[in-house]
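Some notes on the structure that comes next.
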Amino acid sequence: MEEARRLVDAAGFIIRARIVPAQPGDEHGLPAAAGEGFTVAIEAVLHSTPELRGLAGKSATVLGRHAGERREHAPHILFTQCISLGERLLLRELGQVEATEEAMRAVEHALREAAERPLRARIEAAALIVVGEVVASRKLEPDLPPRSEHDPDWWIARVAVQSVLKGAKPKGEVEVLFANSTDIVWYRSPKLHRGTSGIFLLHHVKPDEAPRELPRGVYRATDPLDFLPAGRLAEVQRLLGRGGEEER
Amino acid sequence: MSDVLTVVNMIPNLSSGETNQDSEPNLAVNPANPLEIAGTAFTPSPNSGSSNSPVFFSFDGGNTWSLRDVIAGTPVRDQTLRFATSGGLLYAGVLWGSGSNIALINFDILRTGDFSGLTTMTVLAQRQNDDQPFIQAATVPSGPGSGDDRIYVGSNDHAPANIPATIDLSLDAGIAAATTSTVVIESRVVSRDGFQTRPAVHPDGTVYALYYALVAGGSDVVIVRDDDWASGATPFTALIDTGDGKQGVRIVTGVVNPFLSLFLGQQRIGGDLSIAVDPRDSATVYVCYGDQAGGTYTLYIRKSTDSGVTWSGTLRSVANATNPALAINEHGRLGFLYQQVTGVAPNQLWQTTLELTHNDFGAITTYILANTPANTPGKSFDPYLGDYLYMLAVGSSFYGIFSANNTPDHASFPNGVTYQRNADFTTKTLLATDNVTPVAVSIDPFFFKLIAGVGRVVTAIVDAGNFGSVCLGAFTDEILTIDNGGTGPLLISNILSSSPDFLPPSVLAYPIKLGVGDAIDVMIRFEPTGPGPKAGTITILSDDPAGPHKVAVSGTGQVPRLSLVLADSGDFGRVCVGRFADEPLILNNSGRCPLSILAVTSSSAEFLVPQVLSFPLLLGPGDAMPLPIRFAPTSFGNKSATITVVSADPGSPHNVSVRGEVPSGKLAVTGSLCFGGVKACCRAERTISICNVGDCPLHVTSVAFKRKNPHWKLVNNPFPATLHPGSCLGVVVRYKATEKCPIASELVITSDDPAMPVKTLDAMAYTIWCECGGKEGCDECRKCCDKGCCDGAADDCCADEDE
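Going line by line, the protein sequences match chains C and Y.
Take 1 as the starting number for the first sequence in the numbering used here and just add one per residue.
Take 1001 as the starting number for the second sequence in the numbering used here and just add one per residue.
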């Protein structure tokens, strides 16, 4: 299981695949420094970017240890990194296990853990987690002109707290610093404008990440996971280890 | 000039399902190998959760692309990349990281020579608090530092309070322990400088940098220059503004830079700058800047021909446009790429346009690269298309990159487009990797290249240029077809032959101009100057970049061949004088070429050649002509001569020996002239036969007594006469025996018998005087004679001497 976790964390592209005879052209584009490769038919994509989920049924060239000794055999789970994505898919093998039911379960479990890990980390790092609604928001005095296209465009939202999932219950509304910029740096950052309701994962403001002359007591919610729709409450509670408990 | 324009959607086929906003593209082409091209955009890694970021690579000149994680950092923000001029190293200036403000975002200067995707780029320098790193690279071509890679990364440094334009540079970026330095190029008191700092490098060591300086009253567009690779103690101080004496010439002042307060389409506008230096002359430099003064954001182009000291007025302006890129190719052709929003919302279009000019926009060749909806897809983030794009020139070609709506619609790409990702242009639908599932429209990076149209000589000639056999003095013409198989007009400046045997066409006036696909037939003449195999090269000089086009030609020079045939080895046999013998001398042309007989002569008057009124005589290949040679001897003996035939055969003249024998008549005489005694006064006759026992007539010219003698007389002398071979004529010789005393007489036969032209016969007789006469005297004897001759010749009476 630990090995599965390690490989899941390291791999950017995990597939269930079967080694097949190399086809003419499979070596095309293979870097000379890459070493030996073998060809696989992808039966299922277990972990990938959204773009590559549709590659089941495609073939790929895998660079791996002892590639020349590989023979056709039962499907394996291949933990890989995509080296080149073009007309052909070139992968570097990080590890592999036979695709038994047990192994599949272990990998699926590790993948679920890995998927939860960012949110778990945000929850653990949050100083205050509340369920609430933005009742107002205002723009902080901006730099004019902006210092950069990547300026966050700081705003402050006032959130009426309905319940507290973590941390001390605030007195009244809480003020939350958020980046209103739609720049590539910030576009996934929560936009906490009036009427936005859900779960707020609020963090203390670090001096080097905040605008000057920020009012005291303001929290910060800039990570895409710092605001979640209310529908994910159970998930948050589970990760908080409370099993649905919330403080009102 | 015709150009070949190629537009390629860079998203790989196996990423067909992607819907990212792949904006803010940049491009690098390896000048040492233009098939190697690298590109960037806001495209995520193909690896889930990757700590690296990808670069698009093409190894076939941009026709196909693959994504490879070579940037050690994620997420990547601004990124630009450039190849060194030689050596093949790729450099990049990259902002990356999840820092929540610019001060925490990493600014890396990177390098790699490994495009396999197996390794990430080496970090040459890293700092933070910079914006829009914009890199240029060059390799020192000669002189000090020759071979060193030099990189210049313009940026907007946020560490100083005035956020100045800055250049990070390395004078030897290719070495293992490359170092960089940071040069602030702003020397004025400014509120700040703009986001863009754009360097430009010329191989002679001239380095420019262009930036906006925000001052009271607006922004100034400022250019700085260094003349020695920015390697001195005070880099970028070569240009001093004559107005304020400060570093950097203010090209234009009072510009309104929107600094993100303006949107065109869904694209934010934060100013635009581009600069290009003429590769032929570092003093010629063009700049493009954006200016909202007057209300409409507009791109303007100006030019300096004195290394940035003074500037022209506006050469070109385009309203409602952004993302300019200037590039100048090796011929001084200026390319201007921009994206312009057209139409009225909500039906606006982003029109990506490439303009090309040779004369500062006096004439413009315009290519619409893309004309795509401006309102779809809705933007995911800013910048919608990118705060910049890029174009560069390598040789005569232009390479560029832009981002646009990726709807597969041919109408949106009037100059054509190629998609690697699955797309149905009929239904105008993107398709996922399964080629079935529809995929939402998004923003994709598009690569383009414009190969300046060039003519290309293509030739055709029958039989691979083999003219076959041609007779000397004759010629054969073959058609050489010259086709322009290129992409631009072809100017043929000359057609030359390496051999005098092969004659190029006569052209009254060059050049010959052929349009694309046009062809011309010219005649190449093979006129051999000698016998045997001939080879040559026809060279077509033109503006085909491939250089002179050579066509190998060959042929064989053929000659006529005179063969002479004469019976019996030229022996005419025996021919008598006055007669003749004719023998035909056969003149045969045993070659494959017509044969001219120019003269036929004989060395002897006894061997006569026929009279020819007018030479030459002409013999076709294989033909034969009997030429009568007459042997007409005029004298006896063995004869010989040489018959000479002068002809066009290279072996001419040909000599034939002839000979003949000329026999004579041969005199033979039968009969005797020995009369003995003849009775006086009697006559005695004897006949001799003069015969010709030779082969030829014998001309007996005379038969006569040597001395006149009344006693001797020739009776019926037929001579002179010609005696034919085997014939005889008789001569009767009479002796009248009247002489008192025997007197010998000689009969002389004169003939043309060379062996005995004069034959003398002795006529021998004496008179037998009668008894009556005794010795009493003639009178007595005469009387006796009067009585009649004695009986018998011999011993007859003496004849009267008076008879």
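Yeah, the Cβ is synthetic: ideal placement off N, Cα and C, and Gly gets one too.
All values reported here derive from a predicted model rather than from experimental measurement.
Query raised in the report: Which runs of the beta strand (DSSP E) spanning at least 3 residues fall entirely within the stretch 1604-1648 of chain Y, listed in chain order?
Result: Complete beta strand (DSSP E) runs here, min 3: 1617-1619, 1624-1631 and 1637-1647.
Report task. Mind checking the stretch 1378-1390 of chain Y against chain C and listing, in chain order, the residues whose C-beta falls within less than 8 Å of any C-beta there? Result -> Within the stretch 1378-1390 of chain Y, the residues whose Cβ lies closer than 8 Å to some Cβ of chain C are Lys1379, Ser1380, Phe1381, Asp1382, Pro1383 and Asp1387, listed in chain order.
Report task. Count the other C-beta atoms from every protein chain shown that fall within 10 angstroms of the C-beta of Asn1013/Y, then say buried if there are 16 or more, exposed otherwise. Result -> Taking all protein chains shown into account, Asn1013/Y has 16 or more neighbouring C-beta atoms within 10 Å of its C-beta and is therefore buried.
Report task. Starting from Met1756/Y, follow the beta strand (DSSP E) in both directions and report where the run begins and ends. Result -> Element bounds for Met1756/Y: n/a, residue is neither H nor E.
Query raised in the report: Of all the options Ser1498/Y, Val1522/Y, Asn1494/Y and Val1221/Y, which has the alpha carbon lying nearest to the alpha carbon of Ala1509/Y?
Result: Checking every option, the nearest Cα to that of Ala1509/Y belongs to Asn1494/Y.
Query raised in the report: Hey, would you say Asp1149/Y sits closer than 9 Å to Gly1174/Y, going by beta carbons?
Result: Between Asp1149/Y and Gly1174/Y, the C-beta gap is smaller than 9 Å, which places the two residues in contact.
Query - Whole-angstrom distance between Asn1101/Y and Glu209/C, CA atom to CA atom - result: Each residue's alpha carbon lies about 6 Å from the other.
Query raised in the report: Do the stretch 1319-1330 of chain Y and the stretch 1280-1299 of chain Y meet, that is, are 3 or more Cβ pairs less than 8 Å apart?
Result: Enough Cβ pairs lie closer than 8 Å, so yes.
Requested in this report: Report the rounded CA-to-CA distance for Ser1015/Y versus Asp1281/Y, giving the unit in angstroms.
Outcome: The alpha-carbon atoms of Ser1015/Y and Asp1281/Y are separated by roughly 43 Å.
Query raised in the report: So which residues of chain C does Glu1018/Y contact, with C-beta pairs closer than 7 Å?
Result: For Glu1018/Y, the chain C residues whose Cβ falls inside 7 Å of its Cβ are Glu51, in order along the chain.
**Report entry** Three-way DSSP call (helix, strand, coil) for Gln1196/Y in this model
**Finding:** Looking at Gln1196/Y - three-state DSSP - the assignment turns out to be strand.
Report task. Go ahead and pull the three-state DSSP assignment for Gly1218/Y. Result -> Correct three-state label for Gly1218/Y: strand.
Query raised in the report: Are Gln1247/Y and Pro1199/Y closer than 9 Å when you measure CB to CB?
Result: The answer is no: Cβ separation not under 9 Å.
Query raised in the report: Using the C-alpha atoms, what's the distance from Val1748/Y back to Asn1709/Y?
Result: Asn1709/Y and Val1748/Y have their C-alpha atoms some 13 Å from each other.
Requested in this report: Could you check how far apart the C-beta atoms of Val1693/Y and Lys1666/Y are, in whole angstroms? I think they sit under 8 Å.
Outcome: About 5 Å; that satisfies the 8 Å criterion.
Report task. Kindly indicate if chain C contains any beta-carbon less than 9 Å away from that of Gly1117/Y. Result -> The beta carbon of Gly1117/Y falls within 9 Å of a beta carbon belonging to chain C, placing the residue at that interface.
Report task. Report yes or no: do the stretch 1162-1171 of chain Y and the stretch 1230-1243 of chain Y share at least 3 C-beta pairs separated by less than 8 Å? Result -> By the criterion of at least three beta-carbon pairs nearer than 8 Å, the stretch 1162-1171 of chain Y is in contact with the stretch 1230-1243 of chain Y.
Query raised in the report: Which chain Y residues sit within Cβ distance under 7 Å of Ile77/C?
Result: Ordered by position in chain Y, no residue passes the 7 Å Cβ test against Ile77/C, which lies about 15 Å from the chain.
Query raised in the report: Where does Asp1108/Y land, buried or exposed, given buried means 16+ other C-beta within 10 angstroms?
Result: With 16 or more other Cβ atoms from the protein chains shown falling within 10 Å of its own Cβ, Asp1108/Y counts as buried.
Query - Other residues of its chain near His47/C: CB distance less than 6 Å, five sequence neighbours each side excluded - result: Here the set comprises Ile14 and Leu111.
Query raised in the report: Going by DSSP, which residues form a beta bridge with Thr1537/Y?
Result: Paired residue(s): Ala1552/Y.
Report task. Note down the Cα distance separating Thr222/C from Pro1031/Y, rounded to an integer number of angstroms. Result -> Answer to the nearest angstrom: the Cα atoms are 43 Å apart.
**Report entry** Alpha-carbon to alpha-carbon, Ala1176/Y and Gln1124/Y
**Finding:** The sequence as given places Leu at residue 1124/Y; Gln does not occur at that position. Spanning the two alpha carbons is a distance of roughly 9 Å.
Query raised in the report: Taking the continuous beta strand (DSSP E) assigned at Glu87/C, which residues delimit it?
Result: Run containing Glu87/C: none; DSSP gives neither H nor E here.
Report task. Work out the CA separation of Leu1392/Y and Gly1308/Y for me, nearest whole Å. Result -> Approximately 20 Å between the Cα atoms of the pair.
Report task. Starting from Asp183/C, find everything on chain Y with Cβ-Cβ shorter than 7 Å and list it in chain order. Result -> Against chain Y, the beta carbon of Asp183/C has neighbours under 7 Å at Phe1381 and Asp1382, listed in chain order.
Requested in this report: For Ile19/C, decide whether its Cβ has a neighbour in chain Y, counting only Cβ atoms nearer than 9 Å.
Outcome: Using a CB distance cut-off of 9 Å, Ile19/C does not count as an interface residue toward chain Y.
Query raised in the report: Name the chain Y residues that come within less than 8 Å of Leu94/C, Cβ to Cβ?
Result: Those within 8 Å of Leu94/C in chain Y number zero; the least Cβ separation is about 11 Å.
Query raised in the report: Can you list, in chain order, the residues of the stretch 1406-1420 of chain Y whose Cβ is nearer than 7 Å to any Cβ on chain C?
Result: Within the stretch 1406-1420 of chain Y, no residue has its Cβ closer than 7 Å to any Cβ of chain C.
Requested in this report: Would you be able to state if there are at least three C-beta pairs under 8 Å between the stretch 1468-1487 of chain Y and the stretch 1434-1441 of chain Y?
Outcome: At 8 Å Cβ cutoff, the stretches do not touch.
Report task. Indicate whether at least one CB of chain C lies closer than 9 Å to the CB of Arg1068/Y. Result -> For Arg1068/Y, the closest Cβ of chain C is nearer than 9 Å.
Query raised in the report: Out of curiosity, what's the CA-to-CA distance linking Ile1629/Y and Val1575/Y?
Result: Counting only the Cα atoms, Val1575/Y lies some 13 Å from Ile1629/Y.
Requested in this report: Flag Glu175/C as yes if its beta-carbon sits less than 9 Å from any beta-carbon of chain Y, otherwise no.
Outcome: So, not an interface residue.
Report task. Would you tell me roughly how many angstroms separate the C-alpha atoms of Ile77/C and Leu119/C, rounded to the nearest one? Result -> If I take the Cα positions, the gap works out to 26 Å.
Report task. Report buried or exposed for Glu1583/Y, applying the criterion of at least 16 other Cβ atoms within 10 angstroms of its Cβ. Result -> It is buried - the Cβ of Glu1583/Y has at least 16 other Cβ atoms within 10 Å.
Report task. Taking a Cβ distance cut-off of 8 Å, strictly less, list which residues of the stretch 1125-1153 of chain Y are near chain C, in chain order. Result -> Under the 8 Å Cβ criterion, the stretch 1125-1153 of chain Y contributes Asp1131 and Gln1132.
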